[in-house]
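Numbering (our numbering), first residue to last: 11 to 167.
Below: the structure, in structure tokens.
The structure is reproduced here in structure tokens:
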């Protein structure tokens, strides 16, 4: 394994360990608050973060061949899941209501669409991946005012 791949493997494995620790801390804090929405959303966020770093470590550690191609698809799908997972605490805890559930549905719908195209059409539609990534990133812009009202300026810092 070349040096760059070895570094990617170990750094992403370290990221997975840190994500697991951070996820557990968030879930415990959610449990201590007694808020089921926090527990669920922090669990989803933590799981997607661990999945991203774990799948990336496995992908970078794999030798060339069919198995590495499968791990590459898992790695790319984990990106969509993490983006949606990152939105989840904001949509289910901070916003909830119509804004929260609408954003939750749109972002997770885009994630599923991105994963589907990644599995079946990735080589033919790289442009579609970029469009979906951009849309997922900008979805929050439509709810910036409700988020600002709920979180205040410190929540954006």
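Cβ coordinates follow ideal geometry from the N, Cα and C atoms, glycine included.
Review point. If you draw a straight line from the C-alpha of residue 57 to the C-alpha of residue 70, how long is it?
Key: 20 Å
Exercise for review: Identify, in the order they occur along the chain, each residue of the same chain with its Cβ nearer than 8 Å to the Cβ of residue 19, setting aside the five sequence neighbours on each side.
Suggested key: Closer than 8 Å at Cβ, skipping near neighbours: 11, 67, 70 and 71.
Exercise for review: Could you tell me which of 14, 37, 159 and 138 sits nearest to residue 90, measuring between CA atoms?
Suggested key: 138
Review point. Hey, would you say residue 26 sits closer than 7 Å to residue 64, going by beta carbons?
Key: yes
Check your understanding: Quick one: any contact between the segment 99–111 and the segment 123–139, if contact means 3 or more CB pairs under 8 Å?
Key -> no
**Study point:** Three CB pairs or more closer than 8 Å across the segment 31–50 and the segment 74–93
**Key:** no
Check your understanding: How would you label residue 79, buried or exposed, when you count the other beta carbons within 10 angstroms and need 16 or more for buried?
Key -> exposed
Review point. Rounded to a whole number of angstroms, what is the C-alpha to C-alpha distance between residue 17 and residue 88?
Key: Near 20 Å, if we compare the C-alpha coordinates of residue 88 and residue 17.
Check your understanding: Just how far apart, CA to CA, sit residue 84 and residue 125?
Key -> 9 Å
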